[in-house]
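Student: Sharing a structure here in C-alpha cells format.
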Amino acid sequence: MPQQGKRLGEYLYEYLENDDYLHKLMSILSKQYACWLFHLDWKLTGKQKHDLLRFADLLSKSINKKGDSRQKNSALKIIATLSKMYPNDPEVALITNEVLTSFNNFLPRQGQSYTLVPTIERLWNETLINYQKEKRQIPGEESKSFIGKQDIIFKSLGNELTSFSAPTSMGKTFLIEKYIELQVKEGVVGNFAITVPSKALITEVKVQLIDDLGMKLKEKTYRVISHPDEYRSDYEGSYICVMTPERLLALLTQYSEVRLIHLFIDESQKATEASSRSAFYYEIFDKISAWESQPKVTFASPLIPNPGIFKKLVQTAEASDGLRIVESPVTQVEIIFDRYANKAEVYDDLNRNTIPIGTFKETLSVPDIIQKMISILGNSNCNLVYYGSKVNAISDAVVVSRSMEESNDPRLIELADYISRKIHPKYILVKLVRKGIAFHTG
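What follows is the structure, encoded as C-alpha cells:
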C-alpha cells in the first residue's frame, strides 16, 4: 500500500538509486577515471559520457528522503571526475554549472567553455540564481555565499540551545566564527566562548577571528583571549574566549564574575568520551547552570546519528532531535594500494566495491608508493593519504620529504614561518611544510 502524502518524485528517485544502468555507468566511470589519473589507457564512449551527465543532472535534484545525500554525492562525483577528464567539453561544463547551482554553490566557475543563447528562460533562471545568491550571502561578505546547507546551520546558531552535526567539509568552525563576527559588528555586548579540543585549534581560530574583525574589535571594545591569564577584571569591554575546556573551566573558576552570552562547544563528541577530559565539560555545565541568566549553548560535532543527545548535558528535559546535515559539498575518489597482494584498486561508492586498476611488479613500502604517486600525478596536485597509525603517518611523511626539494610557494614559506614562531623553530612540521607535506593526527 503506498504511503500517504508521498510524492511521485520520491518514488522515481527511489527507483533511480537502484537503476542497473546507473550502477554500471558509475563502475565504468570509477575505473576509467582512475586510469586517466595514472596516465593509463582509458576510454568513455560519447553515449556513456552523455548518459552520465544526464544522471548527474537528475541526481543533483533528488528529493528521495532516504538517500538524497547519496544521490547528490554521486552527481557531484560524476561532474568532478568528468570535468577533469574533459576540461574543454562544453556539455560537461554546462551540466557541471547546473549541478553546482542546484547545490547552492555559486562560486565563480573556472574555464567556462560555453556561451548560452539569450532566451526568456535563461533570463528567468539568472534572476532566480541572483536572488538565491543574495538570499544566501554570508553576512559582511558581499561577494561570498553560503554553500550547500551552511545557511541552515548558520540560522540555527541564534537559537537558545542547538546541537548540529555535519561533515568536516561543511565548515562548522568557520560558521561559528562568522556568527560571532556578525554579532560583534552589530553591536551585541557580552562574552562569547568557543571550546576547542586542542591548542593548535586555539591558535587557528583566534588568529582567524582577529584577522576577520580587525579594527572592529577596538571599535566595539572586544578582546580575543586564549588563556585565563589574559583576562582582566577591570576591562570594561567584552571578551571572545577561544580555549580548551580545561582553560575555560579555569577562567570561570578563577573569575567567578565572568558571564557568557553564548557558549560554543566545538567537537562536542569529546564531551561524552570516556576520558579524563570529558569531566571538564561537565564542570563547565555545572557552573553555568547556577547562573541566574543562562547563555545560549551550541554543540557542533562531526557526522553522528543523534546530535540532539548533547542537549541533555545542559537541560533536564528529554533531548530533542538535533540538526543533522549529511550532505557534503565535496567528494573524493579513493584509491587503495594493497601492498600484500601487490595491486591497486579504486573504490566505487555507489556499488560499494573495489575495482582493480593494476598490479605492482614488486612489494613496495608505503613511502615508495607515495613517491611514485607524486611522480605520476605531479607536485601541483593535492592528495590525502589515510593511515591507521599516527606514528606511521609522521614517520612516513619524514621519509617522503627526504626525496623532495623545498617549495618556492610563498604561501608554504609563510605557513612554515608561522608554525616556527607559534610552536617551535625545530618542530617537525616546519621542514615538512616547506616541501609541501603535512600530517594530521586527529
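When the sequence shown is numbered by my numbering, its final residue is 1770 and no position is left out of the sequence of numbers. Every residue, glycine too, gets a C-beta built ideally from N, C-alpha and C.
Give the straight-line distance between the Cα atoms of C1710 and S1358, rounded to the nearest whole angstrom.
Tutor: 19 angstroms
Student: Which ranges would you report for the alpha helix (DSSP H) in the segment 1348-1395 if only whole runs of at least 4 residues count?
Tutor: 1348-1365, 1374-1387
Student: Kindly indicate if chain B contains any beta-carbon less than 8 angstroms away from that of S1693.
Tutor: The structure shown contains no chain B, having only a single protein chain.
Student: What is the DSSP secondary structure of R1605, counted as helix, strand or coil?
Tutor: coil
Student: Just the C-alpha distance for K1778 and S1388, rounded to the nearest angstrom, thanks.
Tutor: Given that the chain is displayed from residue 1329 to residue 1770, the structure contains no residue 1778 and the question cannot be resolved.
Student: Shortest alpha-carbon distance to V1524 belongs to which of Q1376, E1419, E1574?
Tutor: E1574
Student: Taking only the alpha-carbon atoms, compute the straight-line gap between K1534 and H1378 and give it to the nearest angstrom.
Tutor: 48 angstroms
Student: Go ahead and pull the three-state DSSP assignment for P1657.
Tutor: coil
Student: DSSP on Y1746, reduced to helix/strand/coil?
Tutor: helix
Student: State the DSSP-derived secondary structure class of I1697, mapped to helix, strand or coil.
Tutor: helix
Student: Could you have a look at T1523 and say whether DSSP puts it in helix, strand or coil?
Tutor: Three-state result, T1523: strand.
Student: Determine which residues share a DSSP beta bridge with R1551 and list them.
Tutor: Partner(s): Y1567.
Student: Hey, F1608 and L1641: beta-carbon distance below 8 angstroms or not?
Tutor: no
Student: Measuring CB to CB, does A1289 end up less than 8 angstroms from I1504?
Tutor: It is not possible to answer for residue 1289, since the shown part of the chain is limited to 1329 through 1770.
Student: Could you pull out every unbroken alpha helix (DSSP H) segment of at least 4 residues lying fully inside the segment 1390-1434, listed in chain order?
Tutor: Taking 4 residues as the minimum length, the alpha helix (DSSP H) runs contained wholly in the segment 1390-1434 are 1396-1413, 1418-1430, in order along the chain.
Student: Work out the CA separation of H1367 and A1725 for me, nearest whole Å.
Tutor: 25 angstroms
Student: Once DSSP output is grouped into helix, strand and coil, what is the label at K1472?
Tutor: K1472 falls in the coil class under three-state DSSP.
Student: According to DSSP, is V1586 helix, strand or coil?
Tutor: V1586: coil per DSSP, three-state reduction.
Student: Helix or strand or just coil, what does DSSP make of F1665?
Tutor: strand
Student: Got a sec? Which residues, its chain only, sit under 7 angstroms from G1515 by beta carbon, not counting five neighbours each side?
Tutor: K1548
Student: Using the Cβ count rule (16 or more neighbours within 10 Å means buried), how would you classify T1373?
Tutor: exposed
Student: Give the range of the beta strand (DSSP E) segment to which G1499 is assigned.
Tutor: Boundaries cannot be given for G1499, as no beta strand (DSSP E) includes it and DSSP labels it neither H nor E.
Student: How would you write the range of the beta strand (DSSP E) that V1674 sits in, first residue to last?
Tutor: Per DSSP, V1674 is one residue of the beta strand (DSSP E) stretching across 1671-1676.
Student: Leaving out five residues before and five after V1700 in sequence, what residues of the same chain have Cβ atoms less than 8 angstroms from its Cβ?
Tutor: One detail in the question is off: residue 1700 reads as Lys in this sequence, not Val. Here the set comprises L1692.
Student: Select from L1580, N1433, V1512 the residue whose C-alpha is nearest the C-alpha of K1477.
Tutor: Residue N1433 is the option with its Cα nearest to K1477.
Student: By the three-class DSSP mapping on this structure, what secondary structure does F1638 have?
Tutor: helix
Student: Among S1497, V1674, E1488, A1599, which residue has its Cα nearest to the Cα of V1362?
Tutor: Note that residue 1362 corresponds to Ala in the displayed sequence, not to Val. Residue V1674 is the option with its Cα nearest to A1362.
Student: Name the DSSP beta bridge partners of I1683, please?
Tutor: V1674
Student: Give the straight-line distance between the Cα atoms of Y1442 and P1418, rounded to the nearest whole angstrom.
Tutor: Reliability fails at Y1442, whose pLDDT of 49 lies under 50, so the model's placement of it is uncertain and no value is given.
Student: How would you write the range of the alpha helix (DSSP H) that V1719 sits in, first residue to last?
Tutor: 1718-1729
Student: Around the C-beta of M1543, are 16 or more other C-beta atoms found within 10 angstroms, so that it is buried, or is it exposed?
Tutor: exposed
Student: Between the C-alpha atoms of R1587 and A1521, what's the straight-line distance to the nearest angstrom?
Tutor: 10 angstroms
Student: Please tell me whether, using a cut-off of 7 angstroms, the distance from the CB of I1407 to the nearest non-hydrogen atom of the ligand SAM is below it.
Tutor: Among the components of this structure there are no ligands whatsoever, and the ligand SAM is therefore not found.
Student: For I1407, collect the residues of the same chain with a Cβ closer than 7 angstroms to its Cβ; drop the 5 residues on either side in sequence, then sort them by chain order.
Tutor: A1384, I1423, T1424, V1427
Student: On the DSSP letters alone, give me the boundaries of the beta strand (DSSP E) that F1492 sits inside.
Tutor: 1489-1493
Student: How many whole angstroms separate the CB atoms of L1757 and I1741, which I take to be in contact at a CB cut-off of 8 angstroms?
Tutor: Not confirmed; about 14 angstroms, so no contact.
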